[in-house]
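The next block holds one structure in the form of structure tokens; read it before the comments.
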Amino acid sequence: MNEVTGSFPSSGPHTILAEDLIRLDKKHCWHPFTPMEEWCAPEHKPLLIDRAEGVWLFDQQGRRYIDGNSSIWTNIHGHNHPRINAAIRAQLDRFAHSSFLGLTHEPGARLAARLAQLWPEGTLSRVFFSDDGSTAMECALKMALQYWQQSGQQARNRFAAFDLAYHGDTSGTTSLGGIPLFHQRFGAMHFPVIRLRDLADLDRLDSDSRAQLAGVAIEPLIQGAAGMRVWPQGMLAELRAWTRQNGTLLILDEVMTGFGRTGAMFAAQKEGVIPDILALAKGLTAGYLPLAATMTSEEIFSAFLGPFEEGRTFYYGHSYTGSALGCAAALASLDLFRDERVLAQLPDKVGLMADLLGKLAEQNPFVAEIRQVGMIAAIDLVQSRDPHQPFAAARRTGVKVCLAARDYGMLTRPIGDTIVLMPPLAIEAHELIQAVAALAPAILRGCSETHP
Ligand SMILES: *Cc1c(COP(=O)(O)O)cnc(C)c1O
Numbered sequence: 047m048n049e050v051t052g053s054f055p056s057s058g059p060h061t062i063l064a065e066d067l068i069r070l071d072k073k074h075c076w077h078p079f080t081p082m083e084e085w086c087a088p089e090h091k092p093l094l095i096d097r098a099e100g101v102w103l104f105d106q107q108g109r110r111y112i113d114g115n116s117s118i119w120t121n122i123h124g125h126n127h128p129r130i131n132a133a134i135r136a137q138l139d140r141f142a143h144s145s146f147l148g149l150t151h152e153p154g155a156r157l158a159a160r161l162a163q164l165w166p167e168g169t170l171s172r173v174f175f176s177d178d179g180s181t182a183m184e185c186a187l188k189m190a191l192q193y194w195q196q197s198g199q200q201a202r203n204r205f206a207a208f209d210l211a212y213h214g215d216t217s218g219t220t221s222l223g224g225i226p227l228f229h230q231r232f233g234a235m236h237f238p239v240i241r242l243r244d245l246a247d248l249d250r251l252d253s254d255s256r257a258q259l260a261g262v263a264i265e266p267l268i269q270g271a272a273g274m275r276v277w278p279q280g281m282l283a284e285l286r287a288w289t290r291q292n293g294t295l296l297i298l299d300e301v302m303t304g305f306g307r308t309g310a311m312f313a314a315q316k317e318g319v320i321p322d323i324l325a326l327a328k329g330l331t332a333g334y335l336p337l338a339a340t341m342t343s344e345e346i347f348s349a350f351l352g353p354f355e356e357g358r359t360f361y362y363g364h365s366y367t368g369s370a371l372g373c374a375a376a377l378a379s380l381d382l383f384r385d386e387r388v389l390a391q392l393p394d395k396v397g398l399m400a401d402l403l404g405k406l407a408e409q410n411p412f413v414a415e416i417r418q419v420g421m422i423a424a425i426d427l428v429q430s431r432d433p434h435q436p437f438a439a440a441r442r443t444g445v446k447v448c449l450a451a452r453d454y455g456m457l458t459r460p461i462g463d464t465i466v467l468m469p470p471l472a473i474e475a476h477e478l479i480q481a482v483a484a485l486a487p488a489i490l491r492g493c494s495e496t497h498p
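Start counting at 1 in the sequence shown, then tack on 46, and there's your number in my numbering.
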């Protein structure tokens, strides 16, 4: 290998040794949410993914692992799906990318229409594309702010967000964020946010604060990065009523919950809620390509209309906005939802997952609580069933359990000492059984190991 260029002489993919790649990675890559000293340590052997098929990821040695967190909550129909691959290839043969700034293309126009059709006629009829969950939410905030400016309510310039919320990693979305580990450090560049523990905090707001509210942002039904924290049933519908009564916007972040994850196409639909602004990303392309959408109503959109001189244009966007390849993948994913009746098959899978996890909790002395919403599950680990006996954080039990799970053929990432099980919706019964069967010994090992 050429040390300078990192290129390999006569480099067919199979002549590249895993060790060489790992050496390049450790020398040049900086991984997200990853303690890099440990990563780069000589004894650390990173897992190198070589290919994938269905719910299975294969490493360079040919070992296979169930994708237990859907590749960080994105994958829906499994990997290497022939129909999604074909749709991306067909688009690639026409063109890979052209700008959506002042131009349009077939997959973009068709996808916007298809997304609008997932909601009742005349509700969320406008779609603004961006690249990922953070930009979808960032866009939502700017859209809301400019909407109020152009509707004669300039005073509405503050957002409310919940404790432990996660809405992305840009400065705007970390301002909304309520997870101290991720968000506190960047406080100097955050805008002030009205911080809420629950709905009661909204009711306590004085009339001045209410009159300043541009919108309330929430992850509906379940807060993901908080450790899969489930909201009380009916809370979302109540919040919808509150935002209407107080004349402010409801901004839903369905970046994690969208596209079937909770058992319905969208979490909001489980409580009959339609937001004013909706952010979608992760599952939008079924986990194939980065693409996001911020959806809104014709009413909000119309505040941006008018003669050019009035300056109502939304000056916001990204270079890859409306990525044609991403739109093609998303259209293929929506076709699969329809043709393979994906949602209709979920109740059986959700029920099986609940049964399997219920048994796991009964048999495993380290499981304090299991939470499940649709195909999203979280397992809280403690020293001995007693929820008041957590492991010392420094022990990093969650990490140990997830590393042990690899030996049993399952990949996932913990949130502290909470283990996430969120497989692709396409997972079959026997694979779900394998996934939970891998977790059981991994939890025992990760929790009982003695460590220096
Ligand atoms: C992952 C996530 C985001 C951020 O999405 P990125 O694509 O990582 O930028 C925002 N909100 C929620 C609820 C998420 O789970």
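Beta carbons are placed, not taken as given, at the ideal position from N, Cα and C, and that holds for glycine. As the structure is a prediction and not an experimental result, all values here were calculated from the model.
A distance of 8 Å or more separates the beta carbons of ALA374 and ALA98.
For GLN195, the three-state secondary structure derived from DSSP is helix. By the CB criterion at 8 Å, ILE268 and VAL419 fall inside the cutoff. The three-state reading of DSSP puts PRO433 in coil, since its state is none of H, G, I, E or B. In terms of Cβ geometry, PRO336 and ASP178 form a close pair [threshold 8 Å]. Checking the DSSP bridge columns, you'll see ALA338 partnered with SER176. The continuous beta strand (DSSP E) containing GLN418 extends over residues 413–419. Selection VAL445, LEU371 and ALA407 evaluated against ALA136 yields LEU371 as nearest (Cα-Cα).
Put simply, of ARG442, VAL413 and ARG417 the residue whose alpha carbon is nearest the alpha carbon of PRO433 is VAL413. For THR464, the enclosing beta strand (DSSP E) begins and ends at 464–467. Under the three-state reduction of DSSP, GLN269 is assigned to strand. Judged by their CB atoms, ALA481 and ILE122 are not nearer to each other than the 8 Å cut-off. For ASP381, the uninterrupted alpha helix (DSSP H) segment begins and ends at 370–385. Closest in alpha carbon position to VAL262, among SER176, ALA211, VAL301 and THR303, is ALA211.
In this structure, GLY329 and ARG307 form a Cβ contact; the two beta carbons are roughly 6 Å apart against a cut-off of 8 Å. Of the candidates ALA64, VAL466, ALA390 and LEU187, the residue whose Cα lies closest to the Cα of ALA272 is VAL466. DSSP places TRP165 in the coil class of the three-state scheme, outside both helix and strand.
Judged by DSSP secondary structure, ALA424 falls within the beta strand (DSSP E) whose first and last residues are 422–427. In its chain, beyond the 5 residues on either side, ALA182, MET183, ALA186, ASP299, VAL301 and THR340 have a beta carbon closer than 6 Å to the beta carbon of ALA325. Proximity of the region 232–243 to the region 189–208 meets the contact definition, three or more beta-carbon pairs being nearer than 8 Å. Each residue's CA atom was taken as its position, placing THR303 and PRO153 some 24 Å apart. A straight-line Cα-Cα distance of about 42 Å links PRO469 and ALA257. Taken in chain order, the complete alpha helix (DSSP H) segments of 4 or more residues contained in the region 68–146 are 82–86, 116–119 and 128–140. In the DSSP assignment, ARG290 falls within the unbroken alpha helix (DSSP H) covering 281–291. Its chain contains GLY306, GLY309, ALA310, MET311 and PHE383 as the residues whose beta carbon lies nearer than 8 Å to that of LEU389, once the 5 sequence neighbours on both sides are disregarded; these appear in chain order. Residues of the same chain with a CB within less than 8 Å of the CB of THR169, apart from the 5 flanking positions on each side, are ILE320 and SER343 in chain order. Judged by their CB atoms, ILE130 and ALA327 are not nearer to each other than the 8 Å cut-off.
Distance from the C-beta of ALA271 to the nearest heavy atom of ligand 1 is below 7 Å.
Separation of the CB atoms of ALA484 and GLY455 is rounded to 5 Å, and the pair is thereby assigned contact status at 8 Å.
For VAL445, there is no enclosing beta strand (DSSP E); the residue is part of the alpha helix (DSSP H) that begins and ends at 443–453.
Per the C-alpha coordinates, the member of LEU242, TRP194 and MET274 positioned closest to MET421 is MET274. In the displayed model, VAL239 falls within a strand according to three-state DSSP. Taking the Cβ of TYR193 as the reference point, every heavy atom of ligand 1 lies at 7 Å or farther away. C-alpha of LEU138 to C-alpha of SER369: approximately 11 Å in a straight line. Taking the Cβ atoms as the reference, ASP105 lies roughly 17 Å from ILE118, outside the contact range of under 8 Å.
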